[in-house]
Amino acid sequence: MTENGSFIVNGSERVIVSQLHRSPGVIFLEKSLPTGRTPTAQIIPYRGAWVEFEIDTKDQIYVRIDKRKKLPATVLLRALGWESDADILKLYAKTERLVLAGWQVTHAEGPAKQLKSGDLLDAADFRQASTDYPDLEVERCYRVTEVTDKNCPLEIGQELTYKDRTNLRRKWKGFETELFRRVVDTHNSGCELIPGQVLTNSEYEGARARYGSKAFTAEQILSQDSQESVGRVCAEDIINPETGEVLLTANTLLTETELERLGEAGVEALTVLDAEDCQHIRFLRNTLERDRQADYEEPYTLKDAALLTIFRTLRPGDPAGLENARKHLSWLLFDAHRYDLGVVGRYKLNRKFQNIPVYGEPPEETLRTLRPEDIAATVDYLLKVHNGIAPKDDLDHLGNRRVRVIGELLENQFRMGLFQIRRTTRERLSTDNDIAKVVPSSLVNPKPLMMALREFFGSNQLSQFMQQINPLDELTHKRRISAIGPGGLHRDRATAAVRDVHRTHYGRVCPLETPEGPSIGLIVSLACYGRINPYGFIETPYHRVDEDAKLGPVEYLTADTRATQRNGKQTGDGDAAASEHLLPVRSGEDVLSLPMEKVDYIGVSPQQIVGISAALVPFLEHEDANRALMGANHQRQAVPLVRPEAPLVGTGMEAPAALYSGALITAKRAGTVTSVSADEILIYTGETLHHDQELQTFKRSNSGTCIHQHPIVAVGDIVEAEQVIVDGTSTENGELALGRNVLCAYMPWGGHNYEDSILISETLIKEDTFTSIHIEEFEVEARETKVGPEEITRDIPNVSEQRLTQLDEEGIIRVGSVVGAGSILVGKITPKGESEYGPEEKLLRAIFGEKVKEVRDASTYVRPGVEGVVIDVKLEMGDELKPGVIKRVKVYVASKRPISVGDKMAGRYGNKGVIAKILPAEDMPYLPDGTPVELVLNPLGVPSRMNVGQILEIHLGWACHELGIRVATPVFDGATEGEIFEMLGKTDLPKRSKQSGKSILFDGRTGDPFAQEVTVGYVYFLKLNHLVADKMHARSTGPYSLVTQQPLGGKAQHGGQRLGEMEVWALEAYGAAHTLQEMLTLKSDDVLGRREIYESVVKGLNPEPPGTPESFKVLVRELQTLGLYVSLDKDEDCLLQPSSHSVIIFEVCFSNPPAPLLQATGFV
1 MTENGSFIVN
11 GSERVIVSQL
21 HRSPGVIFLE
31 KSLPTGRTPT
41 AQIIPYRGAW
51 VEFEIDTKDQ
61 IYVRIDKRKK
71 LPATVLLRAL
81 GWESDADILK
91 LYAKTERLVL
101 AGWQVTHAEG
111 PAKQLKSGDL
121 LDAADFRQAS
131 TDYPDLEVER
141 CYRVTEVTDK
151 NCPLEIGQEL
161 TYKDRTNLRR
171 KWKGFETELF
181 RRVVDTHNSG
191 CELIPGQVLT
201 NSEYEGARAR
211 YGSKAFTAEQ
221 ILSQDSQESV
231 GRVCAEDIIN
241 PETGEVLLTA
251 NTLLTETELE
261 RLGEAGVEAL
271 TVLDAEDCQH
281 IRFLRNTLER
291 DRQADYEEPY
301 TLKDAALLTI
311 FRTLRPGDPA
321 GLENARKHLS
331 WLLFDAHRYD
341 LGVVGRYKLN
351 RKFQNIPVYG
361 EPPEETLRTL
371 RPEDIAATVD
381 YLLKVHNGIA
391 PKDDLDHLGN
401 RRVRVIGELL
411 ENQFRMGLFQ
421 IRRTTRERLS
431 TDNDIAKVVP
441 SSLVNPKPLM
451 MALREFFGSN
461 QLSQFMQQIN
471 PLDELTHKRR
481 ISAIGPGGLH
491 RDRATAAVRD
501 VHRTHYGRVC
511 PLETPEGPSI
521 GLIVSLACYG
531 RINPYGFIET
541 PYHRVDEDAK
551 LGPVEYLTAD
561 TRATQRNGKQ
571 TGDGDAAASE
581 HLLPVRSGED
591 VLSLPMEKVD
601 YIGVSPQQIV
611 GISAALVPFL
621 EHEDANRALM
631 GANHQRQAVP
641 LVRPEAPLVG
651 TGMEAPAALY
661 SGALITAKRA
671 GTVTSVSADE
681 ILIYTGETLH
691 HDQELQTFKR
701 SNSGTCIHQH
711 PIVAVGDIVE
721 AEQVIVDGTS
731 TENGELALGR
741 NVLCAYMPWG
751 GHNYEDSILI
761 SETLIKEDTF
771 TSIHIEEFEV
781 EARETKVGPE
791 EITRDIPNVS
801 EQRLTQLDEE
811 GIIRVGSVVG
821 AGSILVGKIT
831 PKGESEYGPE
841 EKLLRAIFGE
851 KVKEVRDAST
861 YVRPGVEGVV
871 IDVKLEMGDE
881 LKPGVIKRVK
891 VYVASKRPIS
901 VGDKMAGRYG
911 NKGVIAKILP
921 AEDMPYLPDG
931 TPVELVLNPL
941 GVPSRMNVGQ
951 ILEIHLGWAC
961 HELGIRVATP
971 VFDGATEGEI
981 FEMLGKTDLP
991 KRSKQSGKSI
1001 LFDGRTGDPF
1011 AQEVTVGYVY
1021 FLKLNHLVAD
1031 KMHARSTGPY
1041 SLVTQQPLGG
1051 KAQHGGQRLG
1061 EMEVWALEAY
1071 GAAHTLQEML
1081 TLKSDDVLGR
1091 REIYESVVKG
1101 LNPEPPGTPE
1111 SFKVLVRELQ
1121 TLGLYVSLDK
1131 DEDCLLQPSS
1141 HSVIIFEVCF
1151 SNPPAPLLQA
1161 TGFV
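The sequence shown begins at 1 in the UniProt record's numbering and counts up by one.
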């Protein structure tokens, strides 16, 4: 791993992209059913089986474990320990005591003071308590009131037992104590009845016997209001007190008939559910009616029967034993080796269920398995969601999605490798008979772990070849977050809701920077100030607003923080806006207008909403979102220029972006520069130490661009710690410089800038304004083959000496050589395979000796389209190479590419185009002072694209150029139109130009002024990594596909131009029959015909007519695989017989030779 956060894997620099995935924990969503939408609950582990709850169309709660067949949720609750219906009902609802007949207390003489165990009583309290509590039990104790002996260790107020006091009196006399009595037990001897309390007849008689006739008074009631009792639900089974018969079971609805039957049986009181809670858990009661406890198998308890039911559902083919059922459920949900909620999962459960009574005291986050209380609380919360008491969750909320960074991804790979090692080690231990001779090295094989890590870094979807076109490209690649990858989403199945911008992305995920293709919205970037907390959730900084409307310290908040937040634009003195004004604030999903006193947090900066690339676009607030996305992505494609220039109109993010990209070098300590060269800088720190800073020069990046650093300090300069001393690729004086400031005009010019075409001046080529250096790498390996070793040599067969002049003695090109297409870089020969010799040849070889082995040329030549200078050669040999490789040579060729017709250019606003024409400077439009324009853009590219930021930039850039300054206009807090024209007014431009931002331009060809004034000024333009030199391609003959015999496609395969279905339609529409036949046969897959026509062209003969294409033969073979016997014959006696045609005969082939059961005839 490098200091910049990348990884060197097999010699190439790679980046491990962080993954955004669904957070472990519990989530409550909605599911669409034919009858409407119903809530669902999912307990998602980090590793293990999912537990899902849902309410079906019959208003019953079902559970699905490990995505198997669903079963009633009460079955799982019974298996977890809440066996009976009464246990389950009391778990989720409060109960009331319903007295059918008895007495109501009207007055009670309670004790003067309620006592409990441990209370201390003085003499007066003890006398009163003895009256109130006849059975009171106490013990004597003493309290120290005075200490006169200085050596006595006692303190005033200290309590002593009788035994301690006696022992201390023997040693010291100088202390005094006071007698107290400590309550041991009251034995409930005081009258505890309260007025209004209802007693059954038996309870009334017991109270009279216990407390006496004078302790309380009560009046008899015959029964409570029957209307109030009807419709209540029993909370537990009601048993006949005399016979023990179950009269009513729990979850039974009371009717008048049932109440009469209970009265006849002598039932005086019963427990019922609270009326409000009963309505709340109606879905649970429906489930209990479906899952009746009477239906369970008789020999087992309810818990054991539920365990067996779950086991049969999850493992339908296995024998169902009680012990197996217990172990399987414990193994599935409660075994730490197989089920892991993770710290994040437990954290989410604790936050979600902190106010659920069933959940109890939140456990420590180190508990990473489920508890029965977790499942019970999930059912409770699901009921609350369905009743509208609790809100449902949003799957796309960043509180429910977390980021897996490289450490966590690597940990998972380690776990997989270690599991494999454990499995193989156990197998070897079980099969090895002689344990005494076993050594650890023979048991433990580390290869599975090594293979897991190698596979992760080499081929995992999240391990990517680092993009390195420019420093911004490298920086944004490391900050990228992907929802794709192992355990994530798939780009073909991801819905629009997942890809869309969410309100919680504010300050955490950039809403603009994302690819334009099928991965749009699935691959995003971290916002400017976003960071990832230890739980993997993205945080963004806010200032806390104090009570006096002052900005407090910065706090980082996650997406699920509930607070009122204001966008981050603060006044210059650090105070928040005036409190008497109403401010636009965000509170959850709502945008409100509130005074400052009600605001909790305010953002730290307006640009915290976007990512690094988008924060580099000035006037982003005036952009259409689609074009802003393109502008952010275009900056990552800008090739480094030979003479980079920082923008006149920036955003203030150029310096931080360049610094954190790693392209710059800063001084480690303060000191004085003593030596400066192209390769290193020496700084004297005053401690007789010199700090050596090495520079990279003309190094190839992963994307083929040039990495080159140069010093910006001189000998004798005094530098501070962390000061930039070396500029890197695409930087100028420590600021990011991806392009150049050029004089631009928005006007049509002879149709050459039609449809986003660009017209440029030849001056840009002469002055190397947009010239870039690209470095190509050519790699050659000499290997051991079956017929002998390959050899890198200068002695190449059938190659003239003139072509070998640039090679050294070993056959490798010299550094500094100028090469072009076809030049030999490394000479290599490979031995040809020789056939087995017969007896005569063996005899002749034995007599006359071994002849020279035949070899073939396997040298590396420069590809077409590549030309340049060899800047470096690397030779590797020995142990550092893979087995079978003798020698490896890498040759680096640098090519200088000026801007040319066909190259793609773009601004920072999504205004891209292709260079259509390069004009001499004298033909370009010019200003009244004679300055020629360098770039001409089409004005029609602005209104429809709605990216008017480029117009503001051209005005402000013109003012900056005239004043000789650079400005920073941050996003969402940039310069206003008035401020721009105020700056134009300070320049020496003509008065009309100061007022309109336009100027009269003159035609360079005629010298006449154009009809109207033209918007002109300086814009910042980029040269993108879509160069015509890389795309230019031509083919005469080349490789063909093995099956279809058609030319391959693409420049890399030296392929041809595709003539597709729609192109064939176009030729058919024009009636170009001969052209169409030639395209589909001679130029495609007529194998014989293309060979003959090539010879005809060479010899100057008339070509033969086309033959049968290979694709037709493939079609015939496919028809034969369907059982159709197809033959192509010349038949002069055809029925239709317009001329001699090829006739296709189809026969269904069921036997050999084929029987003509079905025959069809047609012309081709």
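Note that CB positions come from ideal geometry on N, CA and C, so glycine has one too.
Here the structure is a predicted model, which is why all the values come from computation and not from measurement.
- Put simply, the stretch 770-777 does not touch the stretch 817-837. Fewer than three CB pairs are less than 8 Å apart.
- The beta carbons of D500 and G521 sit about 6 Å from each other, so the pair counts as a contact at 8 Å.
- When DSSP reads this structure, Q693 sits in a beta bridge with I681.
- Secondary structure at G36: strand, using DSSP grouped into helix, strand and coil.
- Taking every protein chain shown into account, the CB of K887 has 16 or more other CB atoms within 10 angstroms, so this residue is buried.
- Per the DSSP secondary-structure output, P711 pairs in a beta bridge with V726.
- Going by beta carbons, V933 and M924 fall inside the 7 Å limit.
- Taking C-alpha positions only, G118 is separated from E96 by approximately 32 Å.
- Within the same chain, no residue comes within 6 Å of I951 by CB-CB distance, once the 5 residues on both sides are set aside.
- DSSP, reduced to helix, strand and coil, places M747 outside both helices and strands of the structure shown, so it counts as coil.
- Ranked by how close their Cα comes to the Cα of G671, the residues P486, G704, K786 and D717 have D717 in first place.
- Counting other Cβ atoms within 10 Å of its Cβ, G1071 stays below 16 and is therefore classed as exposed.
- The beta carbon of P939 sits closer than 6 Å to the beta carbons of Y746 from its chain, once the five residues preceding and following it are set aside; these are given in chain order.
- For R479, the number of other beta carbons within 10 angstroms of its own is at least 16, and it is reported as buried.
- Rounded to whole angstroms, C744 and V936 show a C-alpha spacing of 6 Å.
- Assigned with DSSP and collapsed to three states, R562 falls in coil, not helix or strand.
- CA-to-CA, the gap between P440 and P448 works out to about 16 Å.
- With contacts defined by Cβ atoms closer than 7 Å, K1051 and H1074 do not form a contacting pair.
- For S675, the uninterrupted beta strand (DSSP E) run begins and ends at G671 to V676, by DSSP.
- Per the C-alpha coordinates, the member of N10, R1035, Q158 and K986 positioned closest to I965 is K986.
- The Cβ neighbour count for G751, taken over all protein chains shown within 10 Å, is under 16; the residue is labelled exposed.
- When only Cα atoms are considered, E1013 and Q464 end up about 50 Å apart.
- In this structure, the straight-line span from the alpha carbon of L1128 to that of E1061 is close to 25 Å.
- Annotation for L935: the continuous beta strand (DSSP E) segment containing it runs L935 to L937.
- Between P1039 and L1048, the alpha-carbon positions lie close to 6 Å from each other.
- A distance below 8 Å between beta-carbons, with the five flanking residues on each side excluded, links S525 to the following residues of its chain, in chain order: T476, R479, R480, I481, V509, C510, E513, T514, G611, I612 and S613.
- Its chain contains A320, A325 and H328 as the residues whose beta carbon lies nearer than 6 Å to that of F311, once the 5 sequence neighbours on both sides are disregarded; these appear in chain order.
- Sequence-distant Cβ neighbours of E735 in its own chain, meaning closer than 8 Å and more than five residues away, are A646, G650, E654, A655 and A658.
- Using a C-beta cut-off of 8 Å, the stretch 277-286 makes contact with the stretch 81-92, since at least three inter-stretch Cβ pairs fall below that distance.
- Residue state for M450 is assigned as helix, using DSSP reduced to three classes.
- For K832, the three-state secondary structure derived from DSSP is coil.
- Setting aside the 5 residues that flank it on each side, A858 is surrounded in the same chain by E790, K828, I829 and T830, each with a C-beta closer than 8 Å to its C-beta; the list follows chain order.
- Within the stretch 591-640, the complete alpha helix (DSSP H) segments at least 4 residues long are 612-615 and 625-636, listed from N- to C-terminus.
- When Cβ pairs closer than 8 Å are counted between the two stretches, the stretch 60-80 is seen not to touch the stretch 336-355, the count staying below three.
- Spanning the alpha carbons of K904 and D727 requires a straight line of approximately 26 Å.
- The residues N350 and Q354, in chain order, have a CB closer than 7 Å to that of P362 in the same chain once the five nearest residues on each side in sequence are set aside.
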